[in-house]
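K.L.:
In this note's numbering, the protein residues as written are 7 to 103.
Below is the structure I would like to discuss, written out as structure tokens.
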């Protein structure tokens, strides 16, 4: 169970880094910039298919790098797992439970 959450967190960190680079138009080559924009567009489409609270959560925590600090650790973990699971279902990637 813990491995699935960790794998999803690692993947969303990778995707969010690509998203930020793409939106700032910082690709080194035209091909790289196009690939990053495609990833960012897929992420935007997946977020649009998610419920509003999931979209807000993913944007706040993973794209804006803001903290869930006022919440207890257990609740943070549950929110992260549910939000990431919903996002990756919309994004088209499946992680083991």
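Cβ atoms here follow ideal geometry from the backbone N, Cα and C, with glycine treated the same way.
Thinking residue 46 and residue 28 are a contact (beta carbons under 8 Å), I'd like their distance in whole angstroms, please.
P.N.:
The count along the chain shown starts at 1 and reaches residue 46 at position 40. The count along the chain shown starts at 1 and reaches residue 28 at position 22. Residue 46 to residue 28, Cβ: 4 Å. Contact.
K.L.:
Return the Cβ separation of residue 92 and residue 56 in integer angstroms, given the expectation that the two are a contact with Cβ distance under 8 Å.
P.N.:
Translated into positions along the chain shown, residue 92 becomes position 86. Translated into positions along the chain shown, residue 56 becomes position 50. About 5 Å separates the two Cβ atoms, so the contact holds.
K.L.:
Can you give the Cα-Cα distance for residue 26 and residue 51, rounded to whole angstroms?
P.N.:
Here residue 26 is taken as the residue at index 20 of the chain shown, counted from 1. Here residue 51 is taken as the residue at index 45 of the chain shown, counted from 1. Approximately 15 Å between the Cα atoms of the pair.
K.L.:
Does DSSP put residue 66 in a helix, in a strand, or in coil?
P.N.:
Walking along the chain shown from the start, residue 66 turns up at place 60. If DSSP states are grouped into helix, strand and coil, residue 66 belongs with the helices.
K.L.:
Please look up how many angstroms separate the CB atoms of residue 11 and residue 86, rounded, as I've assumed it's under 8 Å.
P.N.:
By 1-based counting over the chain shown, the position of residue 11 is 5. By 1-based counting over the chain shown, the position of residue 86 is 80. Indeed they touch by this definition, with Cβ atoms about 7 Å apart.
K.L.:
Suppose you measure from the CA of residue 63 to the CA of residue 42; what does that come to, to the nearest Å?
P.N.:
Here residue 63 corresponds to residue number 57 of the chain shown, with the count starting at 1. Here residue 42 corresponds to residue number 36 of the chain shown, with the count starting at 1. The straight-line gap from Cα to Cα measures roughly 22 Å.
K.L.:
How should residue 35 be labelled, buried or exposed, when 16 other C-beta atoms within 10 angstroms of its C-beta is the threshold for buried?
P.N.:
Position 29 of the chain shown, counted from the start, is the residue given in the question as residue 35. Classification of residue 35: exposed, given that the 10 Å Cβ count is below 16.
K.L.:
Measure how close the beta-carbons of residue 39 and residue 31 come, nearest whole angstrom, since I'm counting them as under 8 Å.
P.N.:
Start at 1 with the first residue of the chain shown, and residue 39 comes out as number 33. Start at 1 with the first residue of the chain shown, and residue 31 comes out as number 25. Their Cβ separation, rounded to whole angstroms, is 7 Å, which keeps residue 39 and residue 31 in contact under 8 Å.
K.L.:
Under three-state DSSP, which class holds residue 56?
P.N.:
Here the question's residue 56 lines up with position 50 in the chain shown. Residue 56 falls in the coil class under three-state DSSP.
K.L.:
Any idea what DSSP makes of residue 73, helix, strand or coil?
P.N.:
Reading the chain shown from its first residue, position 67 is the one you call residue 73. Looking at residue 73 - three-state DSSP - the assignment turns out to be coil, as it is neither helix nor strand.
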